[in-house]
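This report refers to the structure that appears directly beneath it.
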Amino acid sequence: MTAPASAAKVRGETVLKVENLVKHFPISRGVVFQRQIGAVKAVDGVSFELRRGETLGIVGESGCGKSTLARLLMRLEAPTSGRATLEGRDLFKASGGELRRLRRNMQMVLQDPYTSLNPRMTVGDIIGEPFEIHPDAAPKGSRQRRVQELLDVVGLNPEHINRYPHQFSGGQRQRIGIARALALKPEVIVCDEPVSALDVSIQAQVINLLEELQDELGLSYIFIAHDLSVVRHIADRVAVMYLGRIIEIGTEDEIYERATHPYTQALLSAAPVPDPELRDDRSMIRLVGDVPSPADPPSGCHFRTRCWKAQEVCAREDPQLVPRAADPHPSACHFAELRG
Amino acid sequence: MSDFETVAASENQAARRGPSGEPGAPNQVGGTSTLAGKPRSLAGDAWRDLRRKPIFWISLLLVLLFTGMAAVPGLFTSNDPADCVLARQHAGPSAGAIFGYDFQGCDTYARAVYGTRASLLVGALSALLTGVIALVVGMLAGFFGRWVDAVLSRVIDVVLGIPLLLAAIVLLKRVSSDSSTVRIAAIIFVLAVLGWTTAARVVRSSVITAKEQDYVAAARMLGAGNGRIMWRHILPNALAPAVVVLTIALGSFIAAEATLSFLGIGLKDPTISWGQDIDTGRVHMRESAIPLLVPSTFLALTVLAFIMLGDAIRDAFDPKLR
Amino acid sequence: MTHSVVQPTPASPTPEGGHLLEVRDLHVEFRTGEGVAKVINGVSYHLDAGETLAVLGESGSGKSVTAQAIMGILDTPPAVIRSGEIRYRGRDLLSQSEEERRQVRGKEIAMIFQDALSALNPTFPVGWQIGETLRQRAGMSRGDARRRAVELMDLVKIPAAAKRLGDYPHQFSGGMRQRVMIAMALAMDPKVLIADEPTTALDVTVQAQIMDLLADLRRDLDMAMILITHDLGVVAGVADRIAVMYAGRIVEHADVRSLYRAPAHPYTKGLLESIPRMDQRGQKLSTIRGLPPNLMRIPSGCPFHPRCPYAQQVCVDVVPHDLVLGDGRTSACHFAQEVRDDSAR
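Chains as they are written, first to last, in our numbering: chain A, 1 to 340; chain B, 1001 to 1322; chain C, 2001 to 2345.
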């Protein structure tokens, strides 16, 4: 399928660029006289580029900062420092009308289809709200038609415009959320665990829909998920996050077939494979312990406390996210090597 | 539930679209579609829902009845409540006065009918004013948080710490006018100014809950401003608990007026109110209970009617319960 | 409606020759103001000592309700057990008194849940909570209970168990809380452990640790385990046999390897095909069309027929019996052979 909608735009050019993004949440004590006693380093220096028409998967366990990253990009939180540009325009400097215009180009699909739709609004109101906020996006008379078109695009019955969210199933609600995100014809859609709340048989429907829409509309996705198989299925490139940092980034093939960071290797090894034949002959890596608190991450390499390769240098020196000798994709490990 | 069928039918169809990969495939839903056409409003749906509830009609009827009594008491009794003859003291029910006469020899029923206006005015207007104050304060505190919340919450604490009766006595003592309008306005003002705190706290906490919902984040990401988010997304979801608190408050305001009138700082004599009559009736309960029971029943029915009405309306505006 | 019972009823209810735990033709309804939801419609399965049975299903399939019925922790009302038997060592639990069932619960059959945080009391230290069962049920002294609690915490591999005895649930990470709950379940040395989505709320690396732990414990303590999950990957890792549930029925029942190799029910086949696989990057996921049915209006005939690519008129009219395919495999599908042959291809 081709992308007539974005014929003028060049596929593969950088659409979103994030540089050294940092978000520290202060931890404070006291009610009246608050003093800061520390900070949760939710996102701690993240840089990446997103190209037009591609899907960048972001994987990691809870507390790795992937959801905070999404909220930062959507300007729901203010970053502590760092820069992000969307089609060359600074995402964090914009305010007022400029921010509103920027938001038209970047939308988000949220994880929970039950809380992401206002229960007191009809589907028509929910999907039509973008047009009320941006009246120039669709002239008043054509709005209902646009909403019905959007319902059709996401595979819902356009006649259900008057229904309330609770009258739909989880998968259908997620489609409504996708329609709302599409309304303003954005360039980039951030998907924050869009299928993790759905049943297995419904997940595939939503994933297929997202892929079709990407082909048709030339969208770029940032696809955040903890499910490695879903990410492999949909992503072109993958970034692995651990405690607020990207520790390895590369093409889908580089990450899944030629990972050089021990954490990525452990993550891949731990993911359950739906094949009982592989049960015994998989050489498993079992990490010990849980992810440390992002309020007090280990010095040097954040992963060293759970890493079987850790040596003294790992506590002393922060490994840089640079191409490594083992495989020429960026990996933040002093001892990066392919799995034997 | 026919809804489920229709929705399921469309999901089938959605799924069929998936594998076929035809984006423009027309959606044909055969005869399963039941709802099409004009956009519906939440109020319209609520009305459709309310129409079918007996509780709604009963409470509405009672509210209308008492409102009618308050507006034109002459329609409900031909007797003059001020026509009091001591000789008829505590005389029993008769054709002229269906509930007999009270301690002063006035028609008990006529006095209850004529007392509706003052009581209802005080109750309804105090509740309304309370609601406005509570919504504004609760919304500001809950939505903006931080120092706004800190300041407003302390204000709520302080006001909540003031004993209602004591403060009412101090404030109402300053009202020297005997004009019924002035006195009613003063009581409404005093009750609202002292009584908004509970409702404000309820509003604040439901605003905080609503504010954290994903759909608020979604609206913000679409570029919605604070005003729109408060009005379209938070207020409708925070209103329901406030409505319940306010209908209950309405009843307690009517009762508070009664207490104030009894203490001699509320409504004064030419103005008739249930509160005054209940208190007089209470004193002479041993001699005749009817002059106590009649205004009490009126009071109880009014309060109940408003609470039931508030309950029904709240349910109707909650699409999840439909 | 006719329901097939997989296992023939043995003549005498003796444990010898019978199964350790057996659910027979269980029917459960939920009666609500809106109507009657038929949540379990003739479920039968069995569990032998030392084996792991996976019960797989999506939300609303009835997989957890069956487990709650076994444990006797169904909320009645709204739930009503219409008919069926749950036999543990030959005795029917459903006909026992509450007192007798309490003896079984925890001591013979224990259960762990998905949400460890809400299953633990936030106001008591974990050591006290593990020890409580021991003091109450086994009549241990405080000191003995304490020592046993440390042993149990060691058993589930909580580091520095003795030091953490006095910690409260919120001081533990998600994975560690799950271990605490497992330790509590093991306190009375149960013979059967029912694990209801034990790793769903956990991260991948922690999930792997917990599944390993459960497999080790099952082997070391010689327990039988019922693993209730929606995750086909988790099942493939640990289960011996698998029962697939749909709309309150078991639609397919087989040993894990042959089921994954060649599913014999269209629902199982659809599920296996619709999950993205990490070891193979496909172009497009195949999907199961439509939605699971509303349990208040379960479709006629085979409940899966509105979503089934194999559906024929017979599927609309006739409830399929369990078709025995050999090797203890059954599939409740009129076209089971055909489906299996298609899958094997």
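Every residue, glycine too, gets a C-beta built ideally from N, C-alpha and C.
Quiz item: If you check the beta carbons only, do ARG324(A) and CYS314(A) fall under 7 angstroms apart?
Solution: no
Quiz prompt | Integer Cβ distance of TYR2045(C) from ILE2250(C), believed to fall under 8 angstroms | solution = 6 angstroms
Quiz item: Does SER142(A) get closer than 7 angstroms to chain E when you measure Cβ to Cβ?
Solution: Here the protein chains are A, B and C, and chain E is not one of them.
Quiz item: Any idea what DSSP makes of VAL2314(C), helix, strand or coil?
Solution: helix
Quiz item: Going along the segment 181-214 of chain A in order, which residues come within less than 8 angstroms of chain C, judged by CB to CB distance?
Solution: ASP199, VAL200, SER201, ILE202, GLN203, ALA204, GLN205, ILE207, ASN208 and GLU211
Quiz item: According to DSSP, is ASP2212(C) helix, strand or coil?
Solution: helix
Practice problem: Answer yes if the segment 1270-1282 of chain B comes into contact with the segment 1101-1118 of chain B, meaning at least three C-beta pairs across the two stretches below 8 angstroms, and no otherwise. | Solution: yes
Self-check item: Neighbour flag for TYR1215(B) against chain A, beta carbons, 7 angstroms
Solution: yes
Exercise. Please check if any C-beta of chain A sits within less than 7 angstroms of the C-beta of PRO1093(B).
Key: no
Quiz item: How would you call LEU69(A), buried or exposed, if buried means at least 16 neighbouring beta carbons within 10 angstroms?
Solution: buried
Quiz item: Is the shortest distance between the beta-carbon of HIS2230(C) and the beta-carbons of chain A less than 7 angstroms?
Solution: yes
Quiz item: With a cut-off of 8 angstroms, do at least 3 Cβ pairs link the segment 1245-1264 of chain B to the segment 1138-1154 of chain B?
Solution: no
Quiz item: Is the distance from the Cβ of GLY2127(C) to the Cβ of LEU2152(C) below 7 angstroms?
Solution: no
Quiz item: At a CB-CB cut-off below 7 angstroms, which residues of chain B make contact with MET108(A)?
Solution: MET1221
Quiz item: Residues of chain B with CB under 7 angstroms from ASN118(A), in chain order?
Solution: TYR1215 and HIS1233
Exercise. Please state whether DSSP places ARG1228(B) in a helix, a strand or coil.
Key: helix
Quiz item: Alpha carbon to alpha carbon, how far is ALA1249(B) from ILE1187(B)?
Solution: 15 angstroms
Quiz item: Taking the beta strand (DSSP E) that ALA2254(C) falls in, what are its first and last residues?
Solution: 2249-2255
Quiz prompt | Closest residue to LEU198(A) among VAL273(A), ARG104(A), PHE168(A) and ALA270(A) (Cα-Cα distance) | solution = PHE168(A)
Exercise. Please compile the residues from chain B whose C-beta is within a distance smaller than 7 angstroms of the C-beta of GLU98(A).
Key: The premise fails here: GLU98(A) is roughly 11 angstroms from chain B at the closest Cβ pair, so nothing lies under 7 angstroms.
Quiz item: So with Cβ pairs under 7 angstroms, would you call ALA1224(B) a contact of chain A?
Solution: yes
Quiz item: Who are the neighbours of ILE133(A) on chain B, taking C-beta pairs under 9 angstroms?
Solution: ALA1219, LEU1222, GLY1223, ALA1224, GLY1225 and ARG1228
Self-check item: Test item: CB-CB of ILE189(A) and GLN107(A) under 7 angstroms
Solution: yes
Self-check item: For THR2268(C) and GLN174(A), the rounded distance between their alpha carbons
Solution: 24 angstroms
Exercise. Give every residue of the same chain whose Cβ lies closer than 7 angstroms to the Cβ of ASP2342(C), excluding the five residues on either side of it in the sequence, and list them in chain order.
Key: none
Quiz item: Out of curiosity, what's the CA-to-CA distance linking CYS1084(B) and ALA1097(B)?
Solution: 12 angstroms
Practice problem: Have a look at ALA2262(C) and ARG2345(C) and give me their C-alpha separation to the nearest angstrom. | Solution: 8 angstroms
Self-check item: Inter-residue Cα distance where the pair is VAL1072(B) and GLU1287(B)
Solution: 32 angstroms
Practice problem: Return yes when the Cβ of PRO2198(C) is within less than 7 angstroms of the Cβ of PRO2169(C), no when it is not. | Solution: no
Quiz item: SER344(A) versus chain C: which residues are under 9 angstroms apart at the beta carbon?
Solution: The shown model of chain A, from 1 to 340, leaves out residue 344(A), and the question about it has no answer.
Quiz item: Looking at the unbroken beta strand (DSSP E) that takes in PHE48(A), where does it start and where does it end?
Solution: 35-51
Quiz item: What are the start and end residues of the beta strand (DSSP E) that includes CYS191(A)?
Solution: 188-192
Quiz item: In the segment 1232-1283 of chain B, which residue ranges form an unbroken alpha helix (DSSP H) of at least 4 residues, counting only runs that do not cross its ends?
Solution: 1235-1262 and 1274-1283
Quiz item: Along chain C, which residues have their Cβ under 8 angstroms away from the Cβ of VAL230(A)?
Solution: PRO2276
Quiz prompt | Proximity below 7 angstroms, CB of ARG2177(C) to CB of ALA2116(C) | solution = yes
Self-check item: Spatial distance of GLY65(A) from ALA1127(B) (CA atoms)
Solution: 47 angstroms
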